Amino acid sequence: MKRLALSICLFFNLLNSSELTTSDIRYELAKEYSSKKNKEYNIKKAYNLLVDNVNENHAKSQILIGRFFLIGLAVEKDFEKALYYFKEASKQKEYTANCYVAYMYASGKGVFPNFGRAHIFAKSEYERGNKVCKKVWKDYNLGKYPKDKGWNIGDYNKPIN
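Going by the working numbering, the sequence shown opens with residue 1224, and the numbers climb by one from there.
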């Protein structure tokens, strides 16, 4: 019961913040509901909150819902949808999305495995210290693979230099 009261307080504090949008508030609530550390854990509620945000092109929600599709939380695994949402978030300069794309290329989830392509997506965020990219970089030893020079990053947002 205390946790629910804290969540309600958090919601009203977020609501009163002039910098946050309704999408930001739903995203924060979805993160709360999707945390197994939360006694109010409810993955379906989290997913439903994210669907509204994704329909409004909210980049952070696109990353989170992409993760749901990548690992099969509240929905069946669907690598094509996961890649689509990561790509959409990347276009909005949410560069953590590139780390998940790198993971998909390194692991061969939904795409043909390509360590050089994974290298391209992960490198700049790895160098910036992004913990998702650092894990992908280390787990797949991406530093030893040259970047895939024959492929253009195209529609994805190029990492910041």
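Note that beta-carbon positions come from the ideal geometry of N, C-alpha and C, so glycine has one too.
Only a predicted model underlies this, so the values are computations on that prediction, with no experimental measurement involved.
Tyr1250 vs His1281 beta-carbon contact at 9 Å: yes
Where does Asn1276 land, buried or exposed, given buried means 16+ other C-beta within 10 angstroms? buried
Tell me the rounded alpha-carbon separation between Ala1345 and Ala1325. 6 Å
Here's the rule I'm using: 16 or more other beta-carbon atoms within 10 Å means buried, otherwise exposed. How should Glu1242 be labelled? exposed
Output the distance between the C-alpha atoms of Val1359 and Cys1322, rounded to the nearest integer angstrom. If I take the Cα positions, the gap works out to 7 Å.
By Cβ distance, which residues of its chain are closer than 7 Å to Tyr1363, with the 5 residues on each side in sequence left out? Ala1329, Phe1338 and Ala1341
Determine the burial state of Glu1416: buried for a count of at least 16 other Cβ atoms within 10 Å of its Cβ, exposed for fewer. Nothing in the structure corresponds to residue 1416, since the chain is present only between 1224 and 1384.
Report yes if the CB atom of Ser1257 is closer than 9 Å to the CB atom of Leu1293, and no otherwise. no
DSSP on Lys1388, reduced to helix/strand/coil? Outside the displayed range of the chain (1224 to 1384) lies residue 1388, so it cannot be described from this structure.
For Gly1289, count the other beta carbons within 10 Å of its own beta carbon; 16 or more makes it buried, fewer makes it exposed. Which is it? buried
Relative to the alpha-carbon of Gln1285, which residue among Lys1262, Lys1316, Glu1263 and Tyr1264 has its alpha-carbon at the smallest distance? Lys1316
Taking buried to mean at least 16 other C-beta atoms within 10 Å of its own C-beta, is Lys1310 buried or exposed? buried
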